[in-house]
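Taken in sequence, the protein lines are chains A and B.
Per this note's numbering, the very first residue in the first sequence carries number 20; after that it's consecutive.
Per this note's numbering, the very first residue in the second sequence carries number 15; after that it's consecutive.
Each residue gets a CB set at the ideal place from its N, CA and C atoms; glycine is no exception.
Report on the structure given below.
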Amino acid sequence: MPVKYVESHLWDKYLRTDRLPHIWCPGCGIGSALSAFLEGVERAGIDPKKLVVVSGIGCTGRVAGYIKVDSFHTTHGRPIPFAMGLKLARPDLHVVVFSGDGDLITIGGNHFIHAARRNVDLLVICVNNFNYGMTGGQVGATTPEGAYTTTTPYGNPERPFNLPYLAAAAGAVYVARWTSLHVRRLAWSITEAFKKKGFRFIEVLAPCPTAYGRRNKFPDPIDMLKFFKENCEIKDFADPKEADIVPGKKIILGKFVDLADEKPTFEEKIYELINKYRKV
Amino acid sequence: MSLSPGIYFMSGNDAVAEGAITAGCRFFAGYPITPSSEIAERLSRRLPEVGGIYVQGEDEIASIMAIIGASWGGLKAMTATSGPGFSLMQESIGFAVMTETPIVIVDVQRAGPSTGMPTYVGQGDVMQAKWGSHGPYEIIAIAPSSVQECFDLTIRAFNLAERYRVPVIMLMDERLSHLYEKVRIPSPEKIIIINRKKPKSKENFLPYMPEDDLIPPMPPVGEGFFFHVTGLTHDEKGYPKMDPEVQERLIRRLNDKIRKHADEIIDIQTYMMDDADIAIVAFGSVVRSAIRAVKIARKNGARVGLIDLKTIWPFPEKHIYNFAKNGVRHFIVAEVNYGQVFLEVQRSVRGEAEVHLIPKMGGAIHSPLEIWSFINKLR
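Given below as C-alpha cells:
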C-alpha cells in the first residue's frame, strides 16, 4: 500500500511543524499522549503564549521540542526542579512537565516526591512505557516484575513503583492514570487538570513495541493496546494502593485523587510570605 | 532593600549574600552544606524583604536546576554550596553553559576530596570549576580575597553572568567565608549593574542567533517568542541538530564568547610588582598571608611582589607571561591543593621563568613565614 502523508493536522497550530517528522517509532504511544495533551490545551482554552512545557531526557523528553510554546528540554531527571524555578519566577504562566517514567520517576524520583509534597503548581504528565526506550530498552523503576528487558535477560527481579500511589502519598492534589488507548478520557483529564491548581499528576501507560513490547509478548503495537483494552478497569477514586501493575491483575485507570483547589500551592505560600515581609 | 551605604562588619558569606541582593538577585535555591550555609540562611531572611524568592532544594541538583529555571523566568538567580554539592551540580552547570543561562554559583571550598574536612579551608576545586562538567567549554570563575571583595565581586559575578550569558562561579574558601571584616557599601549610583540583553523584535527572531559580540539576546518567557531551549547541540533556531558542523559552530562560539572577551573579564591585582624578580601567585584567603610574606621579604631586601588572581578562569596567561618576560625569574604559587593554578602558571610562563609550588593539602592556609622561608631559600 503506498504511504499517504496528510497535509495538515488539527493540532498543527500548536506544533513546530518544521520539526516534523518526529523521532518516535511506529506504534509508540507518546504521539497519542501528545495529541490528547493538545486537545486538552484547546479545550481548557489555554493561551499558548502563557504555556510553558518542560521535558527531561528520553523519548517522552522530546515532547517539549515539538510543541510551539516556550519549551525547555532539560537534563535527565530534572525537569521538575527547573519547572519549579520557572514557575516561582513567573507564577502567571501555566507550567507543564511532560516526560517519561525513567526520567520523572527513576532518576528524578526525588524531585517528583518533593514537588508533590510542596504542592508546586505544575501539571506533570508522565508517559510510562515500562522501560528506557531511547537507550534500547533497559529495565527501570516502572518495569513490571518478571519482564524481559535488555538488562533483565532473565526477567526483572525488582518490584516496580505504583505511580498513582507514590504521587498520592507524596501529596499530589490531582492524580489520574490513563493509557494511550483511552485518549478521549485522557484528553478530558488533561482539560480538567489544566483548570485546577497545585501538583497535578497524570500517568499515561503507553506501548513501546520497539524496545519493550517485542521482548514481552507484545510484538505488534496493537498487541499492547489490546492488552490495555482487555486488562484495564476504569474506576474513579479507587484506592491508589490498588493501582499497582502486577501480572495477572487488572490495571486500574481513572482519577484517584482530586483535592486540587483545596490546598494552597507553593507559589501562593511563597508570595504570601513575600507580601508579608517585603520592605520595598 | 539593599543595604544602605555605609560601613558594616560582616562575614564573607554575609557579604556574598548582600552583594547578590545589591546585584539584583531575586531567586536563591540551595541545599545546606558547610561552610556555605550562612549564605542561604541570610538570603532566606533577606530575599523576601526585597520581594525575592528563597527555596531550599531537596538536593544540590534540584537547587541549581531551579535557579536555571528561575533565570529563564527572568530573575537573577544564585546558589551556594561547597565541594560535595558542587560535584553534584556539574551536569547542570554544563546545561547552563549549553543553554547560555546566566546564573551565579558560589562554591565555598573546603578540604577534600569527598567529605574531607567540612569546616576547614581548601582550594582544590580550581580545575573542577573549569571543566567539572563534560565537554569542551569556557566558564568564568572569580576568587575574592577579602570580605569587601566578597561583596564587590559577587556584584561583578552577576554582571558577567548577565553580560556573557554564562554560569559564573564564585570560588570562595572556608577561611574567607567565615572571616569577619569591615565592608564599605558604596552608594547605589557608584555600583554598576548589568542586565542581560533582550531581543528587539519577534520578527524573524532566532533565539540562538548571536550578535557581533557572539552573544544572542535572551528572550523572555510568556511573551509569545515561542522559543525552544535544549541541552542538545542546537542551531540558531534552538532546534536540536545532530550535525558536526552545527556542533562546530555552536561550541566554538560558546568558548570564543569567553576567550575573545578575556581581556574584559580578567582581573588581577598586584602588590609591589614593579621591581619584583620573585612573584607570589595566590588567590582567596592565601592572599592575606602572601601580602604579609611580601612585607617580610621586602624588609629583608628581597624584591618580592604578589599577583592576586581575582579571576581564575579565564586564566590571566598573558599577564603572567608579561611578568615573566619583564624580569620575574621565579613564580611561587601558594595554594591549598597539590598544584592546580601552579600548572596554569607553568604553562603561561612558556619557559621564561621558574615556577614553584607551595602546596597545602587543606585544613589550613599558609602562614606568612612558610611562604617567606620558601622564598628565602631561593635567594
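Residue i classed as buried or exposed, judged by whether at least 16 other C-beta atoms fall within 10 angstroms
{"i": "D37 of chain A", "result": "exposed"}
{"i": "E32 of chain B", "result": "buried"}
{"i": "G13 of chain A", "result": "A query on residue 13 of chain A cannot be resolved here, the shown segment of chain A reaching from 20 to 299 and no further."}
{"i": "L29 of chain A", "result": "exposed"}
{"i": "E200 of chain A", "result": "Position check: residue 200 of chain A holds Leu in this sequence, whereas Glu was assumed. So L200 of chain A ends up on the buried side."}
{"i": "V120 of chain B", "result": "buried"}
{"i": "T129 of chain B", "result": "exposed"}
{"i": "L105 of chain A", "result": "buried"}
{"i": "V82 of chain A", "result": "buried"}
{"i": "E349 of chain B", "result": "buried"}
{"i": "H148 of chain B", "result": "exposed"}
{"i": "F23 of chain B", "result": "exposed"}
{"i": "Y231 of chain A", "result": "buried"}
{"i": "D257 of chain B", "result": "exposed"}
{"i": "T133 of chain B", "result": "exposed"}
Below-7 Å beta-carbon distance, residue i vs any chain A residue
{"i": "H248 of chain B", "result": "no"}
{"i": "P230 of chain B", "result": "no"}
{"i": "H275 of chain B", "result": "no"}
{"i": "F100 of chain B", "result": "no"}
{"i": "L89 of chain B", "result": "yes"}
{"i": "P158 of chain B", "result": "no"}
{"i": "F241 of chain B", "result": "yes"}
{"i": "P116 of chain B", "result": "no"}
{"i": "T95 of chain B", "result": "no"}
Test item: CB-CB of residue i and residue j under 7 Å
{"i": "A191 of chain A", "j": "F218 of chain A", "result": "yes"}
{"i": "I346 of chain B", "j": "I305 of chain B", "result": "no"}
{"i": "M103 of chain B", "j": "I78 of chain B", "result": "yes"}
{"i": "E63 of chain B", "j": "Y296 of chain A", "result": "yes"}
{"i": "H270 of chain A", "j": "I264 of chain A", "result": "Reading the sequence as shown, one finds Ile at residue 270 of chain A and not His. Result yes, Cβ atoms of I270 of chain A and I264 of chain A sit closer than 7 Å."}
{"i": "Y85 of chain A", "j": "H41 of chain A", "result": "yes"}
{"i": "P240 of chain A", "j": "G46 of chain A", "result": "yes"}
{"i": "L268 of chain B", "j": "T247 of chain B", "result": "no"}
{"i": "L392 of chain B", "j": "H344 of chain B", "result": "yes"}
{"i": "P231 of chain B", "j": "K211 of chain B", "result": "yes"}
{"i": "A195 of chain A", "j": "A135 of chain A", "result": "no"}
{"i": "T161 of chain A", "j": "N175 of chain A", "result": "no"}
{"i": "S50 of chain B", "j": "T36 of chain B", "result": "no"}
{"i": "T181 of chain B", "j": "I107 of chain B", "result": "The question names Thr, yet the displayed sequence has Pro at residue 181 of chain B. Yes. Within cutoff."}
{"i": "I334 of chain B", "j": "V359 of chain B", "result": "yes"}
{"i": "S54 of chain A", "j": "H242 of chain B", "result": "no"}
{"i": "G96 of chain A", "j": "I126 of chain A", "result": "yes"}
{"i": "A29 of chain B", "j": "F165 of chain B", "result": "yes"}
{"i": "I385 of chain B", "j": "V135 of chain B", "result": "no"}
{"i": "I282 of chain B", "j": "P330 of chain B", "result": "yes"}
CB contact below 7 Å: residue i versus chain B
{"i": "S199 of chain A", "result": "no"}
{"i": "I124 of chain A", "result": "no"}
{"i": "H133 of chain A", "result": "yes"}
{"i": "V299 of chain A", "result": "yes"}
{"i": "Y296 of chain A", "result": "yes"}
{"i": "M153 of chain A", "result": "no"}
{"i": "P176 of chain A", "result": "no"}
{"i": "A108 of chain A", "result": "yes"}
{"i": "L112 of chain A", "result": "yes"}
{"i": "V143 of chain A", "result": "no"}
{"i": "N129 of chain A", "result": "yes"}
{"i": "S292 of chain A", "result": "Note that residue 292 of chain A corresponds to Leu in the displayed sequence, not to Ser. Judged by the 7 Å Cβ criterion, L292 of chain A is in contact with chain B."}
Contact belief for residue i with residue j at Cβ below 8 Å, rounded distance in angstroms
{"i": "S74 of chain A", "j": "F131 of chain A", "result": "Wrong, their Cβ atoms sit about 14 Å apart, outside the cutoff."}
{"i": "T210 of chain A", "j": "G77 of chain A", "result": "About 25 Å separates the two Cβ atoms, so there is no contact after all."}
{"i": "G396 of chain B", "j": "T93 of chain B", "result": "Residue 396 of chain B lies beyond the stretch modelled for chain B, which goes from 15 to 393, so this question has no answer here."}
{"i": "C145 of chain A", "j": "L182 of chain A", "result": "7 Å"}
{"i": "R40 of chain B", "j": "G66 of chain B", "result": "4 Å"}
{"i": "V122 of chain B", "j": "M186 of chain B", "result": "4 Å"}
{"i": "A17 of chain A", "j": "A108 of chain A", "result": "Missing from the structure shown is residue 17 of chain A; chain A here goes from 20 to 299 and no further."}
* **chain C contacts from the stretch 87-98 of chain A (Cβ-Cβ distance under 9 Å)** => No chain C appears in this structure, whose protein chains are A and B.
* Note down, one range per segment and in chain order, each alpha helix (DSSP H) of at least 4 residues found wholly within the stretch 211-276 of chain A. => With a minimum length of 4 residues, the continuous alpha helix (DSSP H) runs that stay inside the stretch 211-276 of chain A are 240-250.
* Continuous alpha helix (DSSP H) assignments of at least 4 residues falling wholly in the stretch 52-122 of chain B -> 74-86 and 97-113
* Asked: Unbroken alpha helix (DSSP H) runs of length 4 or more, entirely within the stretch 336-374 of chain B: which are they?
  -> 355-363
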